[in-house]
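The numbering of the sequence shown is the numbering used here, which starts it at -13 and goes up by one.
A virtual CB, placed ideally from N, CA and C, is assigned to each residue, including glycine.
Treat the numbers as computed from the prediction; the structure is a model and nothing was measured.
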Amino acid sequence: MPIKSLYPDAPELPQINIHYPLLRRPEQEKWQNFPVHIDAKTGETRGFRDFVKRVEWAATALGSPVETDGLGLSASKNDMIGIMSENCMDYVTFAHACFYIATPFALISSHSKPFELKHTLALSKATCLFIDEKFLPTALPIAKEIGLPSERIFVMTGNVPGHKSFAQLIDEAQSKRTKILGVQPVKKDMLAYILFSSGTTGLPKAVMINQGNLLSMLAQLVLLSQASSQPPKPIDPAEPTKILVFLPLHHAYGFTTCAVRMLLVPMTGIFMSHWNIDWALDLIPKYRINVLPLIPSIVHQLVHHPKFAKTDLSSVTSISSGAAYLPPDLAKKLSSYTPKEASMVDGYGMSEGTLAIIIMPPAGSLGGRVNPKKGSSGVLIPGLVARILREDGTEAAVGEVGELWVKGPTISPGYWNNEEATKEAFIDGWLKTGDKFRVDEEGHFYFADRAKDILKVSGAQVSPVEIEDLLLAHPKKLIHDATVAGVSGGRTSDEKVPRAWIVLSIEGEKLGAAAVIKELEKWHQANLSKYKWLRGGIEVVNEIPKSPTGKVLRKELQEKHERRLENANKARSKL
């Protein structure tokens, strides 16, 4: 039986270009020219009205016909505009210019290595590319190899002879007084943009987000705000909320939070080109930051950084965590440093869901009918329905763990140029998330594990997350990070056994690696069934490798371990 959201369905918005509800709402006419974007490095500031006008000129430069000195980009010509850039103010201008001309764009990771960039450019079928100056030497030979002409490559930040920059295109359109292009009409099923999955298994896939997905996300946010027990804060453009923008804008979490959702209220984004913890801890008190969108790996860094406890966090009013599972103990530790009145928003989402799928409700939502629950990821957002399925495809019982499937207006239509992957993950409108959850009688969802990461030991399922949480819960707090994955050593050649990689805390370093391992061996064996024991061993590492979005790269640790085993076996065979 499908599980429906506890919230009423969000109202359906008319079929309009997303530009209108984001930048042309009636109440925005009264907004002052408050600082909407600030460059954290240079201090350059852009006002809201200046930003809207810049979007107009950027759209005119990109979409006007070639004969009027525009680039002539259009969805009708099957154009796909690629962007590979670190965070900057004009990244947001670029995205909204693309919305304006209703031409899809591809968010390409600024961390891409040559092999990855070749894959994403070829898969996206980008017809032009905007790229930071420092990435150009990597991109040019790849572009030539896949047939993307050099004259279709533009500089996003920087200055390179022979390649016009994004800013230069805007300046030329203004100086030539090019006729301002009108906002282009859209249909809800029109592609808005593509972004790439993390690729933890195989090559990244390009997730499609259409105009209807974005409109539905905005409607959900409005409904969630109305359902909250807290009266909405009066809008005062003279005192905008300040948000620290460091999450990569090429990722779903960073893009929807800092390029889309922040425009629903007067808000100032302080743009960091990249994450640097010392820089961030200086910026929070300097700009009196109110909103911190975080990921678990950065939460780990913050709470264990010696400077964090001394940083003035009194301005912080809201913290969110996304992109990966945040252990409750870690969330609690973070909250101990922030003001008591600051809200802590956790949930669950993925690129294929536009962003959020499950959200922790504020206390007293829907007239007191919906409240937060400790240990829960939250409840379904408005308009979504879910199913929890066993491995055989049957419905799981209440409280039973199974794979989460979701359906609704914010679910992606599929993967760009990958029909096989689309058919595998999207079935009759349902998205197979690949994540294990259980749901209680009141509609609260509890994360169990990644379906792909679940181990089978002696025929029984073993959850790496369960073991990780137990290790981190050791009463002596000997470690501050851990991950568990399967390695060789099972009873059969294809059976994997759990192995843990741990990062010592200050207390753990004082005790010593060998003693910590001994303590954790006793601890987990005393608290877990025997088939869940770490038969693959425990290894101390300096850090747990993670993607830029905070997802643990278990495969990297597994492959390194297997190579060591293989080399050791070869050495023994020679004796």
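Which class does Gly353 belong to by DSSP, given the choice of helix, strand or coil?
The count along the sequence shown starts at 1 and reaches residue 353 at position 367. In the structure shown, Gly353 sits in a helix (DSSP, three-state: H, G or I).
In terms of residues, what are the limits of the beta strand (DSSP E) holding Glu525?
Position 539 of the sequence shown, counted from the start, is the residue given in the question as residue 525. Segment 524 to 526, the beta strand (DSSP E) holding Glu525.
Starting from Asn196, trace the beta strand (DSSP E) in both directions and tell me its first and last residue.
Here residue 196 is taken as the residue at index 210 of the sequence shown, counted from 1. 192 to 196 is the extent of the beta strand (DSSP E) around Asn196.
Which residues in the same chain have their Cβ closer than 8 angstroms to the Cβ of Lys422, if we skip the five residues on either side of it in sequence?
Walking along the sequence shown from the start, residue 422 turns up at place 436. The answer, listed in chain order, is Val387, Gly388, Glu389, Leu390, Phe433, Ala434, Asp435, Arg436, Ala437, Ile440, Ser449.
Do the CB positions of Ala153 and Ile139 come within less than 8 angstroms of each other?
Locating residue 153 in the sequence shown gives position 167, counting from the first residue. Locating residue 139 in the sequence shown gives position 153, counting from the first residue. Contact: no.
Which value, in whole angstroms, describes the spacing of the CA atoms of Ala554 and Pro325?
Counting from 1 along the sequence shown, the entry for residue 554 is found at position 568. Counting from 1 along the sequence shown, the entry for residue 325 is found at position 339. So the alpha carbons of these two residues sit roughly 52 angstroms apart.
Three CB pairs or more closer than 8 angstroms across the segment 294 to 314 and the segment 269 to 281:
yes
Cβ neighbour criterion (16 or more within 10 Å) applied to Thr187:
As a position in the sequence shown, residue 187 is number 201, starting the count at 1. Caution is warranted here: a pLDDT of 43 is assigned to Thr187, below 50, making its placement in the model unreliable, and the coordinate value is therefore given only provisionally. Counting Cβ neighbours within 10 Å, Thr187 comes out exposed, since fewer than 16 surround it.
Work out the CA separation of Ser161 and Gly185 for me, nearest whole Å.
As a first step, residue 185 must be located in the sequence shown, where it is residue number 199. As a first step, residue 161 must be located in the sequence shown, where it is residue number 175. Its pLDDT being 43, under 50, Gly185 is placed unreliably by the model, and nothing is read from it.
Taking C-alpha atoms, which residue in Lys482, Lys463, Ile465, His466 lies nearest to Gly472?
Position 486 of the sequence shown, counted from the first residue, corresponds to residue 472. Among Lys482, Lys463, Ile465, His466, the Cα nearest to that of Gly472 belongs to Lys482.
Bridge partners of Leu458, per DSSP?
Counting from 1 along the sequence shown, the entry for residue 458 is found at position 472. BP columns for Leu458 are empty, so no partner.
For Ala328 versus Ile345, is the C-beta distance shorter than 8 angstroms?
As a working note, residue 328 is residue 342 in the sequence shown. As a working note, residue 345 is residue 359 in the sequence shown. Not in contact: Ala328 and Ile345 (Cβ atoms no closer than 8 angstroms).
So, is Val41 buried or exposed, given that buried needs 16 or more other C-beta atoms within 10 angstroms?
The count along the sequence shown starts at 1 and reaches residue 41 at position 55. The residue is buried, with at least 16 neighbouring Cβ atoms inside 10 Å.
List the endpoints of the continuous alpha helix (DSSP H) containing His105.
In the sequence shown, counting from the first residue as 1, residue 105 sits at position 119. Where His105 is concerned, the enclosing alpha helix (DSSP H) stretches over 100 to 110.
Checking 8 angstroms against the spacing of the C-beta atoms, do Ser283 and Lys532 come in under that value?
Here residue 283 refers to the residue found at position 297 of the sequence shown. Here residue 532 refers to the residue found at position 546 of the sequence shown. Cβ distance < 8 angstroms, so Ser283 and Lys532 count as in contact.
Indicate the three-state DSSP secondary structure (helix, strand or coil) for Met70 in the structure shown.
For the purposes of this step, residue 70 is identified with residue 84 of the sequence shown, where counting begins at 1. Here Met70 sits in strand by DSSP.
Excluding sequence positions up to five away, which residues of its chain have a Cβ less than 6 angstroms from the Cβ of Val172?
Position 186 of the sequence shown, counting from 1, holds the residue named residue 172. Correct list, in chain order: Asn3, Ala88, Gln197.
Would you be able to state if there are at least three C-beta pairs under 8 angstroms between the segment 97 to 117 and the segment 61 to 69?
yes
Alpha carbon to alpha carbon, how far is Val538 from Glu53?
By one-based count along the sequence shown, residue 538 stands at place 552. By one-based count along the sequence shown, residue 53 stands at place 67. Roughly 50 angstroms separates the two Cα atoms.
Count the other CB atoms, across all protein chains shown, that sit within 10 Å of the CB of Thr243; report buried if there are 16 or more and exposed otherwise.
The residue given as residue 243 occupies position 257 in the sequence shown. With 16 or more other Cβ atoms within 10 Å, it is buried.
What's the gap between the Cα of Asn528 and the Cα of Glu495?
If you number the sequence shown from 1, residue 528 lands on position 542. If you number the sequence shown from 1, residue 495 lands on position 509. About 11 angstroms.
If you draw a straight line from the C-alpha of Ile195 to the C-alpha of Met248, how long is it?
Along the sequence shown, read from residue 1 onward, the residue named residue 195 stands at position 209. Along the sequence shown, read from residue 1 onward, the residue named residue 248 stands at position 262. Going by the C-alpha atoms only, they are around 18 angstroms apart.
Express the C-alpha separation of Arg10 and Ala44 in angstroms, rounding to a whole number.
If you number the sequence shown from 1, residue 44 lands on position 58. If you number the sequence shown from 1, residue 10 lands on position 24. Answer to the nearest angstrom: the Cα atoms are 16 angstroms apart.
Near Val563, what residues of its chain come up, given a Cβ to Cβ distance below 6 angstroms and the 5 sequence neighbours on each side ignored?
Residue numbering for the chain in the displayed model covers -13 to 561; residue 563 lies beyond these limits and cannot be assessed.
Under a three-way DSSP split, which group does Phe34 fall into?
For the purposes of this step, residue 34 is taken as the residue at position 48 of the sequence shown. Here Phe34 sits in helix by DSSP.
Drop a sphere of 10 angstroms on the beta-carbon of Arg163, count the other beta-carbons inside from all chains shown, and report buried for 16 or more, exposed for fewer.
Position 177 of the sequence shown holds residue 163. So Arg163 counts as exposed.
Can you tell me the Cβ-Cβ gap for Ile465 and Pro484, rounded? I've got them flagged as a contact below 8 angstroms.
The sequence position of residue 465 within the sequence shown is 479, counting from 1. The sequence position of residue 484 within the sequence shown is 498, counting from 1. Not a contact, Cβ separation roughly 16 angstroms.
Would you kindly check if the distance between the Cβ of Ile343 and the Cβ of Asn276 is under 8 angstroms?
For the purposes of this step, residue 276 is taken as the residue at position 290 of the sequence shown. For the purposes of this step, residue 343 is taken as the residue at position 357 of the sequence shown. For Asn276 and Ile343, no; Cβs fall outside 8 angstroms.
Answer with buried or exposed for Lys318, where buried requires no fewer than 16 other C-beta atoms within 10 angstroms of its C-beta.
The residue given as residue 318 occupies position 332 in the sequence shown. Lys318 is exposed by the Cβ-count criterion.
Glu338, buried or exposed, once every other Cβ within 10 Å from all chains shown has been counted against 16:
Residue numbering aside, residue 338 sits at position 352 when the sequence shown is read from its first letter. Buried is the call here.
My assumption, with CB atoms under 8 angstroms, is that Asn513 sits in contact with Leu456. Please give the rounded CB distance.
As a first step, residue 513 must be located in the sequence shown, where it is residue number 527. As a first step, residue 456 must be located in the sequence shown, where it is residue number 470. Yes, Asn513 and Leu456 are in contact; Cβ-Cβ is about 6 angstroms, under 8 angstroms.
Can you give me the C-alpha to C-alpha distance between Leu204 and Ser96, rounded to a whole angstrom?
Against the sequence shown, residue 204 aligns to sequence position 218. Against the sequence shown, residue 96 aligns to sequence position 110. Straight-line Cα distance between these residues: approximately 27 angstroms.
So, with DSSP's three-state summary, where would you put Thr187?
On the sequence shown, residue 187 is found 201 positions in, with the first residue counted as 1. Annotation note: pLDDT 43 at Thr187 (below 50); position unreliable, no value reported.
Once the 5 residues before and after Asp332 are set aside, which same chain residues still bring their CB inside 6 angstroms of it?
The residue labelled residue 332 in the question sits at position 346 within the sequence shown. Once the five neighbours on either side are set aside, the close Cβ partners of Asp332 are Ser307, Leu312, Met346.
Asp268, enclosing beta strand (DSSP E) - first and last residue:
In the sequence shown, residue 268 corresponds to position 282, counting from 1. Element bounds for Asp268: not the beta strand (DSSP E) but the alpha helix (DSSP H), 263 to 273.
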